[in-house]
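All residue numbers for the sequence shown refer to the working numbering, where the first residue is -5 and numbers rise by one. For glycine and all other residues, C-beta sits at the position ideal for the given N, C-alpha and C. Working notes for the structure below.
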Amino acid sequence: MPTTDLAQLRAALDPQAIGPAIHALIRELYPICRSITGDGLRQTLARVGKEIPLEMHEVPSGTQVFDWTVPREWNIREAYVKSSSGERVIDFRRHNLHVMNYSVPVRGQMSLAQLRPHLHTLPDQPDLIPYRTSYYKEDWGFCLPHRQLEEMAEDEYEVCIDSTLQDGHLTYGECLLKGASAQEVLVSCHACHPSLCNDNLSGVAVATFLAQHLSQVPLRYSYRFLFIPGTIGSITWLSLNEDRARAIAHGLVLTCIGDRGNFTYKKSRRGNAEIDLAVEHILKHSGSGHTTVEFSPYGYDERQYCSPGFNLAVGCLMRSHHGQFPQYHTSADDLGFVDPGALAESLATILSVFDVLEHNRSYVNRNPKCEPQLGKRGLYSVMGGNNIKQLEMAMLWVLNLSDGSFSLLDIAERSGLSFEVIKNAAEMLFRHDLLAPA
Ligand code: ZN
């Protein structure tokens, strides 16, 4: 049976099938050494482009984007630290986190004391490789488990970072699904972290599957998906698309959306935007634990979308909060840390949020003087089972509050009923000419 709307599509999701499929995409992207520019990012976007229609953009280095400049492009082929006996004690081929991202090229012999300031470890998590970057300051370095550093003897080491930092491009991918309205819902994720799963790949993979699913149903809003390098990518997009940004009515930044923790929603700067209310409503009715946090000018690309010159209604949906789980920005944010079941639940939850956005409107009761007689219209027995009482209550709430000033989401909140029940009641009343669009 062909799926005809978002709610049906959401209901038809099979977590046993979709979770492993999302996880499989993460597994394919995991070994690629991404950065804010370069071939790893291109390769990642090319892979996403096999799943959804993705337009690739290349913005030249040196392009001025508001107060920032698109940096030179970074690419890396290999990197190692070799002991005098010829053993590669640190090797980029084993893990791409071993090299500080954006390291400038280096070749030479040096003692441990000379090398030491360029070695980064986590003494409190001695078995993990940290993730370090140096995008805007020329530097180089290696990252390694602290235990490994402690075992490094005094020696004359051969150091090699075979990288290039040259004029090139910043790459990003964009996918627009056109709906009936030119107003847009933005879904944004960063795709600039190397082998890190929850922080970056979970967002990339869930966004890909979201776009794939939304493309199968008719939509009220247009949906714009951005796969961008963090910070500089959103600044670049906003700078090149200032007019288009005005069409963004609602938006979500997706990050850290694949671990086993409860959902965390960070509100938009506005704090009471429709997207904020919709996400909170869906999480509240999901029955599982969740946390809502207020906006702060720190985090991912919501910082840019919510800068005062734009102040877009864009929140950030996560499971565990970035920066607050021990695996964050370390080699422990790996394939085992992201869970197929959690990924499937994230996808389903976001589809539910979008179903609210798609159907949230205000109506006017066409029979506002006392209650209309529902019985004679057959509205007291349209649905069987235990849902009858709930649906009847929903109809009474919708009829009473539909004076044009309350949206269906407002009515759901005030009645304590789920948006889905309120929406079904409104559709039924509309079919019986008891409601008109406000
Ligand atoms: Zn990060």
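Excluding the 5 residues flanking residue i on each side, which residues of the same chain have their C-beta closer than 6 Å to its C-beta?
i	result
Gln10	none
Ala406	Phe413, Ile416
Met(-5)	For Met(-5), the predicted structure reports a pLDDT of 40, less than 50, and the residue's modelled location is therefore unreliable. A value from the coordinates is still provided. If we look at Met(-5) and ignore the five residues flanking it on each side, it has no Cβ neighbours.
Thr38	Leu23, Ile26, Arg28, Ala185
Lys76	Arg82, Glu152
Asp33	Asn69
Glu296	Val247, Val308, Cys310
Phe219	Cys169, Val181, Ala201, Ala205
At which residues does the alpha helix (DSSP H) containing residue i begin and terminate?
i	result
Pro47	Counting along the chain, Pro47 falls outside any alpha helix (DSSP H), and DSSP gives it neither H nor E.
Met312	Segment 308 to 312 is the beta strand (DSSP E) holding Met312; no alpha helix (DSSP H) there.
Lys417	413 to 425
Ser346	334 to 353
Thr202	196 to 208
Thr230	226 to 234
Pro14	9 to 23
Asp270	268 to 279
Glu365	Note, Glu365: premise wrong, no alpha helix (DSSP H); not H, not E.
Ala1	0 to 5
Tell me, which residues are paired with residue i by DSSP?
i	result
Asp53	The sequence given here places Val at residue 53; Asp does not occur at that position. DSSP lists Leu164 as partners of Val53.
Arg101	Cys154
Trp62	Val59
Trp68	Leu159
Cys137	His114
Ile242	Glu178
Ser356	Ser401
Val93	Phe136
Leu373	Paired residues: none, contrary to the question.
Terminal residues of the continuous beta strand (DSSP E) containing residue i?
i	result
Gly398	397 to 401
Arg82	82 to 85
Thr249	No beta strand (DSSP E) holds Thr249; DSSP gives it neither H nor E.
Lys260	257 to 260
Phe219	216 to 222
His452	Lying before the first or after the last residue shown, residue 452 is absent from the chain, which here runs from -5 to 432.
Ala430	429 to 431
Val287	284 to 287
Cβ atoms of residue j and residue i: under 9 Å apart, would you say?
i	j	result
Lys172	Leu204	no
Arg179	Phe304	In the sequence as displayed, the identity of residue 179 is Val instead of Arg. Contact: no.
Ile122	Ser325	Rather than Ile, the amino acid found at residue 122 in this sequence is Leu. A contact, by the Cβ cut-off of 9 Å.
Asp333	Gly252	yes
Phe257	Arg313	yes
Tyr217	Leu170	yes
Ala201	Leu248	yes
Ser97	Gly135	yes
Glu148	Ser79	no
Asn192	Gln321	yes
Asn95	Pro14	no
Near residue i, what residues of its chain come up, given a Cβ to Cβ distance below 7 Å and the 5 sequence neighbours on each side ignored?
i	result
His279	Ser412
Leu19	Ala199, Thr202
Ala430	Tyr357, Val358, Arg360
Pro47	Cys169
Gln384	Leu411, Val415
Glu45	Thr202, Gln206
Please go through the same chain and pick out, in chain order, the residues whose beta-carbon is closer than 8 Å to the beta-carbon of residue i, but skip the five residues on each side of it.
i	result
Ala307	Ile242, Ala243, His244, Gly245, Ser262, Arg264, Ala267, Glu268, Ile269, Asp270
Asp427	Arg360
Leu0	Leu208, Val211, Leu213, Leu345, Phe348, Asp349, Glu352
Please list, following the chain, all residues that have a C-beta closer than 6 Å to any non-hydrogen atom of ligand 1. After applying the 6 Å Cβ criterion, the set is His187, Asp193, His323.
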